[in-house]
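In what follows, a structure is listed as structure tokens, so that the remarks can point back to it.
Residue numbers (my numbering): 1041 to 1169.
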């Protein structure tokens, strides 16, 4: 049910989703006000093009669907999250890092946001399909 979860944890799978906006919106929907997300995911440096991300994915596994730092932040903001932090942990390929993503559903947030998929949050489709 909406607004009943304290924490959503995700370990390196959001980059695999073809509809990241839907993932962010669903996390936001199920969290209670003040609820938090804790994500480990692959994030691309902002200067990498989708083609460069896909090329690196060919070398290090299924990471071509990774969002850039700016795209990740924009997607979480569009879903309604605040207090967003994206901290690189270690490099997995040139220009791509494993990162820790944190955000909070504001205490005064609406229960269900209205978010639609955008090119910025879908990152060109699946890397593994």
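Ideal Cβ placement from N, Cα and C applies to all residues, glycine included. None of the values given here were measured: they were computed from a predicted structure.
DSSP-derived helix/strand/coil call for residue i
i: residue 1045; result: strand
i: residue 1171; result: Outside the displayed span of the chain (1041 to 1169) sits residue 1171, for which this structure offers no information.
i: residue 1058; result: coil
i: residue 1064; result: helix
i: residue 1164; result: In this predicted model, residue 1164 has a pLDDT of only 45, less than 50, meaning its place in the structure is not dependable enough to derive any value.
Beta bridge counterpart(s) of residue i as assigned by DSSP
i: residue 1076; result: 1047, 1144
i: residue 1083; result: 1137
Status (buried if at least 16 other CB within 10 Å, exposed otherwise) for residue i
i: residue 1055; result: buried
i: residue 1122; result: exposed
i: residue 1081; result: buried
i: residue 1126; result: buried
i: residue 1111; result: buried
i: residue 1047; result: exposed
i: residue 1115; result: buried
i: residue 1159; result: No answer about residue 1159 holds up, because its pLDDT of 46 lies below 50 and its placement is not dependable.
i: residue 1132; result: buried
i: residue 1103; result: buried
i: residue 1162; result: Its pLDDT being 45, under 50, residue 1162 is placed unreliably in this model, and the coordinates cannot settle the point.
i: residue 1083; result: buried
i: residue 1167; result: Annotation note: pLDDT 41 at residue 1167 (below 50); position unreliable, coordinate value reported separately. The residue is buried, with at least 16 neighbouring Cβ atoms inside 10 Å.
In chain order, each alpha helix (DSSP H) run of at least 4 residues that lies wholly inside the segment 1093-1145
1109-1119
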